[in-house]
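Working notes, structure below.
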Amino acid sequence: MSALLATEHFAGPPHWTWYILFYFFLAGLAGGSYFLATLLRYWGVAADEAAARIGYYVAFPATVIGALLLTLDLKQPLRFWHMLFDTTPGQFGLSFNSTTPMSIGVWALLAASVFSLVSFVDALLRDGRLRVGGRRALLPGTAGLVWSVAGSVVYLFIAGYTGVLLSVSNQPIWSDTWALGGLFLASGLSGAAALLLILARYRPGADASRSMLELSERIFAGLELLLLVVVLLTLIDDGTLGKALGFPWILLWLAALVGIVSGLGSTTIHRLRPMPAGAAVAARAQAWALAPTFVLLGILALRAWVIFTAQH
Amino acid sequence: MPPTITPGKSYGFFTDTSVCIGCKACEVACKEWNQLPATQKGFLGDSLDNTGSLDGRNWRHVKFIDNVPDETLGVGNGKAFLLMSDVCKHCTHASCMDVCPTGAIIRTEFDTVFIQEPVCNGCRNCIAACPYDVIDIDPDQNVARKCTLCYDRLQGGMEPACAKACPTESIQFGPLDELRERAQRRLAAVHAQGSTQANLYGHDEKVYGGLNAFFLLMDKPETYKLPSADDALLPQRNNLGGYLGLAGTAVLGLFGAIFALRNRGSLRRAAAAVPPPPAGTPPPAPPPEDESV
């Protein structure tokens, strides 16, 4: 039945490789970090502020580095601005094509850069690491709330549009599923929770948000697993599952699965293991760094699996 | 007699693969006129084809499709090798135009699809979208390039170089309406000669709204690595599903994160009695960790 429905693809590969892989990775982390930071600041309690600031500190550099990688991937990097301004002779104006996520994504990336830059400076002011006159925050009160919520919406898009971009093509695997956008967003959220968990070790006070981040990571990993199953089901329907899980790409898929399982199970396992008090504390601290590291590697592997398997 | 070329009318190619002899005069003429450098792909070991595929430097490619049957057939069935001079199809609904983020890909006054090289920035989204594997990066220019249907020659009132050079009139250039009529007559003649498997590809709107470069094929399209009408899909078909999937995941992610913060409500109410610390001060010490999670 599936074979009868199989879509035959004859499109050539666009040769999107390492720059794009790491851009997709950073876009997911930046999006998830900004979103979590906003929730921690405005839905959490005062004690969550330390972890929230970590999120804003992550989002801006990740966005800038990601945009740089995206630019370097262009065959004409100095023409990156052609995505923003139409340079067709006689038609000068803004460049926007609503039928391609790449065009929407470029504008979203520009907006996200502004949102995260302001939030980054705001976090520096709140931490007292930057002093501008007597200001203690760039965006206090309701202005900060509105700014951060708007930025979070943009960043949720940034974390996931890369998957939609791949689907909106005629490439095997990518165009055979509509679920890559959701999958990339879920994994970006999971990765951001993992990254904040790791970085929270180095920031006094951020420990207060650890349990929330751990639970978030598990929820997002569950969502990621669900969407991974949806992706596989849609590939069965289009007859490209065999290509997607062929050797050696299945190794990347398995690495991605290990990352998801790490996100799902690490803290649960430790809670179920009876230990003397001292041993339990030591084991938990170790797992705190180890499991999120596996989660991050899994997210990188997931994107590598999606990007490379379709182009070979 | 080449047709008079008038801006505003639709022009294209009708390629009759039944009379292609694989001489590659079209490839040479294309390279000469467009000043495309020779490529050194070496000996591909694939019949007489050492071009391999269309790309940024090869805008015409004669495909040699090994279709030798196991059993002996009579003379004149055209089954041993299928030959086809491949080229950009200049689709009415062009996938490459759909996804170009810079507006580099435009439709000309001759209804052909053209890449403005000074506008292209080499993002390669068009390569991912083209269902015919036509477009590629020219490593010299570092922009996406493909057949222009000899746009400069059309502007000068000349037919494209490949059609001019084709010795068997396998490649015919002209106004689309005339070419379609000619193709129907040729198909009827080929059928009458006994090749009932012959078919027209891209002459009507079933494939990407119609192709300005359409073909008479001697076998089904997939044999020539052309998507069938059922598989001729535009990339934008996945826009709605992709964005809905993204939005649904965002909503679930939001609920998930709020669930993870569910105990904050009681903590916030408890802290409400105490004034919040002023901005610019370090965050307060953490409360005892919530082990109930």
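Protein sequence lines correspond, in order, to chains A and H. Heads up: the first sequence runs through residues 1 to 312, numbered per the numbering used here. Heads up: the second sequence runs through residues 1001 to 1293, numbered per the numbering used here. C-beta atoms are modelled at their ideal positions from N, C-alpha and C, and glycine is treated no differently. Fair warning: this is a prediction, and the values are worked out from it, not measured in the lab.
Host alpha helix (DSSP H) of H/LEU1252 (start-end) = H/LEU1252 -> alpha helix (DSSP H) spans 1239-1260.
Would you kindly work out how many angstroms separate the C-alpha atoms of A/ALA206 and A/SER119, rounded to a whole number?
18 angstroms
Next on the checklist: Count Cβ pairs between the stretch 1008-1027 of chain H and the stretch 33-45 of chain A that sit closer than 8 angstroms; are there 3 or more?
Outcome noted: Not touching, per the Cβ criterion.
Cβ shell of A/ILE269 (< 6 angstroms), same chain only, five flanking positions each side left out: Low confidence applies to A/ILE269: its pLDDT is 48, below 50, so where it sits in the model is not reliable, and the reading given next is rough at best. Correct list: empty, nothing qualifies.
- Query: Exposed or buried, which one is H/LYS1041 when buried takes at least 16 other CB atoms within 10 Å?
  - Reply: It counts as exposed.
- Query: Listing by chain order, which chain A residues have their CB less than 8 angstroms from the CB of H/ARG1124?
  - Reply: PRO14, HIS15, TRP16 and LYS75
**Asked** What do you reckon, are the CB atoms on A/LEU180 and A/GLY163 nearer than 8 angstroms?
**Response** yes
Are the CB atoms of H/TYR1224 and H/MET1084 within a distance shorter than 8 angstroms?
yes
Give me the DSSP bridge partner(s) of H/ILE1063. The residue you asked about is not Ile; residue 1063 of chain H is Lys in the sequence shown. H/MET1084.
**Item:** For H/GLU1032, the nearest candidate out of H/MET1218, H/ALA1161 and H/PRO1235 (CA to CA)
**Value:** H/ALA1161
* **Contacts around A/TRP16, its chain only, beta-carbon distance under 8 angstroms, and the 5 residues preceding and following it disregarded** => If we look at A/TRP16 and ignore the five residues flanking it on each side, its Cβ neighbours are ASP73, ILE307 and GLN311.
Check: From this set, A/ARG203, A/GLU214 and A/ALA193, which residue's C-alpha is nearest A/ILE299's C-alpha?
Finding: A/ALA193
Is there contact between the stretch 1009-1018 of chain H and the stretch 1215-1229 of chain H, where contact requires at least three CB pairs shorter than 8 angstroms?
yes
- Message: Using only the alpha-carbon positions, how far apart do A/THR293 and A/GLY191 sit?
- Response: 9 angstroms
message: With DSSP as the reference, identify every bridge partner of H/ASN1199, one or two as the case may be.
response: H/LEU1217
Neighbouring residues, chain H, relative to A/GLY55 (Cβ below 7 angstroms) | Result: empty, since nearest Cβ-Cβ is about 12 angstroms, beyond 7 angstroms.
Report task. Would you verify that the beta carbon of H/PRO1101 is, or is not, closer than 8 angstroms to some beta carbon of chain A? Result -> Output row for H/PRO1101: interface = yes.
Who are the near neighbours of H/ILE1171 in its chain, counting only those whose CB is closer than 7 angstroms to its CB and skipping five residues on each side? PHE1013, THR1015, CYS1026, SER1085, CYS1162 and ALA1163
Nearest chain H C-beta to A/GLU100 closer than 8 angstroms, yes or no? Note that residue 100 of chain A is Thr in the sequence shown here, rather than Glu. Closer than 8 angstroms: yes.
*Who does H/ALA1144 pair with in a DSSP beta bridge?*
Partner(s): H/ILE1137.
Practice task
In the DSSP assignment, find the unbroken beta strand (DSSP E) run with A/THR88 in it and report its ends.
Solution key: Neither: A/THR88 is in no beta strand (DSSP E) and is coded neither H nor E.
- In whole angstroms, what is the alpha-carbon distance linking A/TYR161 and A/LEU110? 14 angstroms
For this session: Show which residues of chain H have a CB atom less than 9 angstroms away from the CB atom of A/THR7.
Result: PRO1227, ASP1230, ASP1231 and LEU1233
Taking only the alpha-carbon atoms, compute the straight-line gap between A/GLY12 and A/ALA301 and give it to the nearest angstrom. 23 angstroms
Give a yes or no on whether the C-beta atoms belonging to A/ALA244 and A/LEU252 are separated by under 8 angstroms.
no
Determine, for A/GLY263, whether the minimum Cβ-Cβ distance to residues of chain H falls below 8 angstroms. no
Report task. For my contact list, H/ILE1127 and H/ILE1115 are in at a C-beta cut-off of 8 angstroms; report their separation, rounded to the angstrom. Result -> Contact check for H/ILE1127 and H/ILE1115: beta-carbon distance about 11 angstroms, past the 8 angstroms limit, so the pair fails to qualify.
Do A/SER152 and A/PHE35 have their CB atoms nearer than 8 angstroms?
yes
Tell me which residues of the stretch 1247-1267 of chain H have at least one Cβ-Cβ distance to chain A shorter than 7 angstroms, keeping chain order. GLY1248, THR1249, ALA1250, LEU1252, GLY1253, GLY1256, ALA1257, ILE1258, PHE1259, ALA1260, LEU1261, ARG1264 and LEU1267
Notebook entry, point to check: At least one CB of chain H closer than 8 angstroms to the CB of A/ARG41: is that the case?
Noted result: no
* In chain order, what residues of the same chain have a beta carbon less than 8 angstroms from the beta carbon of H/CYS1088, not counting five sequence neighbours either side? -> LEU1054, TRP1059, VAL1113, TYR1132, VAL1134, ILE1135, LYS1146, CYS1147, LEU1149 and ALA1213
For A/LEU21 and A/ARG303, what's the separation of their Cα atoms in angstroms? 6 angstroms
Item to check | Whole-angstrom distance between A/LEU290 and A/ARG53, CA atom to CA atom | outcome: 23 angstroms
Exercise for review: For the stretch 75-83 of chain A and the stretch 1094-1110 of chain H, state whether three or more C-beta atom pairs, one from each stretch, are separated by less than 8 angstroms.
Suggested key: The answer is yes - the stretch 1094-1110 of chain H touches the stretch 75-83 of chain A, with three or more Cβ pairs under 8 angstroms.
Q. Is the Cβ of A/TRP147 closer than 8 angstroms to any Cβ of chain H?
A. no
Between A/ILE250 and A/ASP237, what straight-line distance do the alpha-carbon atoms span, to the nearest angstrom?
19 angstroms
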